[in-house]
Amino acid sequence: MTNNKAKLSFHGAAGEVTGSRHLLELDGKSILLDCGMFQGHRSDADMKNRTFRFPPASVDAVLLSHAHVDHCGLLPLLYKNGCDAPIYATPATAEIAGIMLADSARLQEGDAQYYNKIHAAENLTIEPMYDAEDADKALQHFSPGDYNAPFEPVPGVKARFLNAGHVLGSAMVQLDVTTGAGPRRLLYTGDLGRAETLLLDDPVAPQGVDYLVIESTYGDRLHEPLADAAGKLAGLIKKAAREGGKIIIPSFALERTQEIIVILDKLRSDQTVPEIPIYVDSPMAVSLTEIFNKHRENFCFDEKFREYARLDGDPFGFDYISYVRSKEESQALNHRKGPMLIISASGMCEGGRILHHLRNNLGGENNTVLLVGYQAHGTLGRRLQDGEKKVRIFGLEHEVWARVETMHTFSSHADKNDLLAFIKAAKPARGVFLVHGDTEARAALAAALEAEGIKNVKCPALGEEFELN
Ligand SMILES: [Zn+2]
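Once you know that position 279 of the sequence shown is 268 in my numbering, the rest is easy, because the numbers rise by one and skip nothing.
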């Protein structure tokens, strides 16, 4: 006998913006919505990541919204700990997840090796949460399915992926279930894109939603309009060409890098800017851009971009941009004179090849560091953004003579107005759960929703459970 009770519980990204894990239990079956890694300081992150609040072996299906590590990064640990369920995702998400999880395993193995080496005398050791083999094992469970194609993750539950407009492959998960009280539709947004983006189509307008689980990252803020990005970039390139300077762009490898490349490609096609050498110096960004190029007719892209890609034939500039994989080629850039533009990772200057480029170029007054993404407190990127004149890289102090510029234009997330408009259009009949936002952002969004007369808005705490009637 089953009681058809549906229960929704929150196991991450409840009151914070990382580690998304939500569990829907119905009729003795469990569906896990995302399995993200908590990203933060080691001790805090370790505790939140290493133990699941539910038995991994009890999960019957995993539905993955997109391939950012804070949404998929714990999949290898889930499978290492006994899960054997299929992972449903769009084909692009499955491909991107392959790159992200391999990279995450490599970083953890490297971190553990380094920690164990420097603490050898004290006999302190740590183990990586998972290694490349564990990542491979999880990847074998992927079951890719296209946008809008219905599928049945567990018997009696109808699911569909809808475009979320956040990054290539990103999807909202729509679930039609039957509870003891009748048929109900639940929509989980994953991360929701903004109404206007450079490459992606708008998020699909939801219909007939009973319960909405929605992110709230920018629940208290508005973004600047997109329009001026190309103009600003063109100005910097002209200046660099005149002065022989280098433009260094620390960038997130997924989506942001490809957005910048397409802006550069359009500037070049329009002959708006002088042709200076462009380098994309990050093996991960190179692999991801290849996936973008392969999927350039993907349904999640805006029709305007698809048309541009068709007319241009090479929207990611493979015929003139130097895509750098090897270390030697990367290091050789240090000895080359400007003008040039280098896009490299990581986006907040916390690791990766960008550190070499900063170390070599911060001292040049004709150089520009262009920040194009959010810079968290305590990161090198934030110190540069705050105008610090001396920064430490690899333990050595460097004077900052280069110009540091920020473009606030870019964001892959809906802002407060986008979120409000989306929720009002969804008209969730029975409840809204705000996740993936810090305390202030989601409180602000909850207040705005209440002012709009939207009832049953919940801000779930970690571990909190709700019965869906
Ligand atoms: Zn995301």
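Beta carbons are placed, not taken as given, at the ideal position from N, Cα and C, and that holds for glycine.
Per DSSP, cross-strand counterpart(s) of Phe(-1): Mapped onto the sequence shown, residue -1 falls at position 10. Note: Phe(-1) sits in a beta bridge opposite His11.
Identity of the residue in Ala415, Gly426, Trp390 and Asn(-7) nearest Thr167 by Cα: Reading the sequence shown from its first residue, position 178 is the one you call residue 167. Ranking Ala415, Gly426, Trp390 and Asn(-7) by Cα distance to Thr167 puts Asn(-7) first.
For Lys405, three-class secondary structure by DSSP: In the sequence shown, residue 405 corresponds to position 416, counting from 1. In this structure, Lys405 counts as helix in the three-state DSSP scheme.
Minimum C-alpha distance to Val51 - residue among Asp270, Arg31, Pro80 and Arg10: Stepping through the sequence shown from its first residue, residue 51 is reached at position 62. The option with the nearest alpha carbon to Val51 is Arg10.
Local conformation of Val202 per DSSP, three classes: Sequence index remark: in the sequence shown, residue 202 carries index 213 (1-based). Correct three-state label for Val202: strand.
Cut-off 8 Å between Cβ atoms - residues of its own chain near Leu522, not counting five sequence neighbours on either side: Residue coverage of the chain in this structure runs from -10 to 458, which leaves residue 522 outside it and unanswerable.
His212: CB within 7 Å of a non-hydrogen atom of ligand 1: On the sequence shown, position 223 is the one that residue 212 refers to. Checking every heavy atom of ligand 1 against the Cβ of His212, none is found closer than 7 Å.
Exercise answer, beta-carbon shell around ligand 1 heavy atoms below 5 Å: His57 and Asp180
Which listed residue (Leu188, Phe305, Arg392 and Leu369) has its alpha carbon closest to that of Phe383: Counting from one through the sequence shown, the residue named residue 383 turns up at place 394. Among Leu188, Phe305, Arg392 and Leu369, the Cα nearest to that of Phe383 belongs to Leu369.
First through last residue of the alpha helix (DSSP H) which encompasses Thr82: One-based indexing of the sequence shown puts residue 82 at position 93. Thr82 -> alpha helix (DSSP H) spans Pro80 to Ile107.
Proximity below 8 Å, CB of Ala391 to CB of Ala3: Here the question's residue 391 lines up with position 402 in the sequence shown. Here the question's residue 3 lines up with position 14 in the sequence shown. It is not a contact, given that the beta carbons lie outside the stated cut-off.
Lys444 (DSSP reduced to helix, strand or coil): Along the sequence shown, one-based indexing puts residue 444 at 455. Lys444 falls in the coil class under three-state DSSP.
Length of the line joining the Cα atoms of Val393 and Gln374: Along the sequence shown, read from residue 1 onward, the residue named residue 393 stands at position 404. Along the sequence shown, read from residue 1 onward, the residue named residue 374 stands at position 385. One C-alpha to the other measures close to 7 Å.
Within 8 Å, strictly: CB atoms of Leu189 and Asp291: Numbered from its first residue, the sequence shown carries residue 189 at position 200. Numbered from its first residue, the sequence shown carries residue 291 at position 302. Yes, these two residues count as a Cβ contact at 8 Å.
Collapsed DSSP secondary structure at Gly420 in the structure displayed: Residue mapping note: residue 420 aligns to position 431 of the sequence shown, counting from 1. The answer is strand: DSSP assigns Gly420 an E or B state.
Run of the alpha helix (DSSP H) containing Val58, from where it starts to where it stops: Residue mapping note: residue 58 aligns to position 69 of the sequence shown, counting from 1. Counting along the chain, the alpha helix (DSSP H) containing Val58 begins and ends at Val58 to Cys61.
Three-state class that DSSP yields for Lys378 in the structure shown: On the sequence shown, position 389 is the one that residue 378 refers to. Coil, per DSSP.
8 Å Cβ cutoff met for Leu256 and Ala415: For the purposes of this step, residue 256 is taken as residue 267 along the sequence shown, with counting starting at 1. For the purposes of this step, residue 415 is taken as residue 426 along the sequence shown, with counting starting at 1. No. Outside cutoff.
Selected residue, minimal CA-CA separation from Ala432, among Glu5, Leu164 and Asp100: Reading the sequence shown from its first residue, position 443 is the one you call residue 432. Among Glu5, Leu164 and Asp100, the Cα nearest to that of Ala432 is on Glu5.
Selection from Lys18, Gly17 and Leu22 that minimises the alpha carbon distance to His0: In the sequence shown, counting from the first residue as 1, residue 0 sits at position 11. The candidate whose alpha carbon is nearest that of His0 is Leu22.
Assigned secondary structure, Thr167 (DSSP; H/G/I helix, E/B strand, else coil): Start at 1 with the first residue of the sequence shown, and residue 167 comes out as number 178. It is a strand residue.
6 Å CB neighbourhood of Pro266 in its chain, flanking five on each side removed: Within the sequence shown, numbered from 1, the residue matching residue 266 stands at position 277. These residues qualify, in order along the chain: Met329.
Where Arg342 sits in the DSSP three-state scheme: Translated into positions along the sequence shown, residue 342 becomes position 353. Here Arg342 sits in coil by DSSP.
Three-state secondary structure (DSSP) of Leu434: Here residue 434 refers to the residue found at position 445 of the sequence shown. If DSSP states are grouped into helix, strand and coil, Leu434 belongs with the helices.
Secondary structure of Pro42, DSSP reduced to three states: As a position in the sequence shown, residue 42 is number 53, starting the count at 1. According to the sequence displayed, residue 42 carries Arg and not Pro. It is coil, neither helix nor strand.
Span separating the alpha-carbon of Phe241 from that of Lys444: Translated into positions along the sequence shown, residue 241 becomes position 252. Translated into positions along the sequence shown, residue 444 becomes position 455. Their Cα atoms are separated by approximately 37 Å.
Cβ shell of His30 (< 7 Å), same chain only, five flanking positions each side left out: As a position in the sequence shown, residue 30 is number 41, starting the count at 1. The answer is none, since no qualifying residue turns up.
Cα-Cα separation between Leu90 and Phe288, rounded to whole angstroms: Against the sequence shown, residue 90 aligns to sequence position 101. Against the sequence shown, residue 288 aligns to sequence position 299. Using only the alpha carbons, I get a separation of about 24 Å.
Local Cβ density within 10 Å of Gly25, reported as buried at 16 or more and exposed below that: On the sequence shown, position 36 is the one that residue 25 refers to. Under this definition Gly25 is a buried residue.
Cβ-Cβ distance between Asp49 and Ile76 below 8 Å: In the sequence shown, counting from the first residue as 1, residue 49 sits at position 60. In the sequence shown, counting from the first residue as 1, residue 76 sits at position 87. Result no, Cβ atoms of Asp49 and Ile76 do not sit closer than 8 Å.
Asp303, enclosing beta strand (DSSP E) - first and last residue: Within the sequence shown, residue 303 is the residue found at index 314, counting from 1. Looking at the DSSP string, Asp303 is not in any beta strand (DSSP E), and its letter there is neither H nor E.
Backbone secondary structure at Glu354 - three-state DSSP: Here residue 354 refers to the residue found at position 365 when the sequence shown is read from its first residue. Correct three-state label for Glu354: coil.
Rounded straight-line distance, which links the Cα of Pro304 to that of Gln364: Position 375 of the sequence shown, counted from the first residue, corresponds to residue 364. Position 315 of the sequence shown, counted from the first residue, corresponds to residue 304. In a straight line, the C-alpha of Gln364 is about 28 Å away from that of Pro304.
Backbone secondary structure at Glu5 - three-state DSSP: For this step, residue 5 is matched to residue 16 along the sequence shown. Here Glu5 sits in coil by DSSP.
Of the residues Leu151, Gly442, Gln129 and His130, the one placed nearest Pro139, counting alpha carbons only: As a first step, residue 139 is located in the sequence shown; it is residue number 150 there, counting from the start. The shortest C-alpha separation from Pro139 is found at Leu151.
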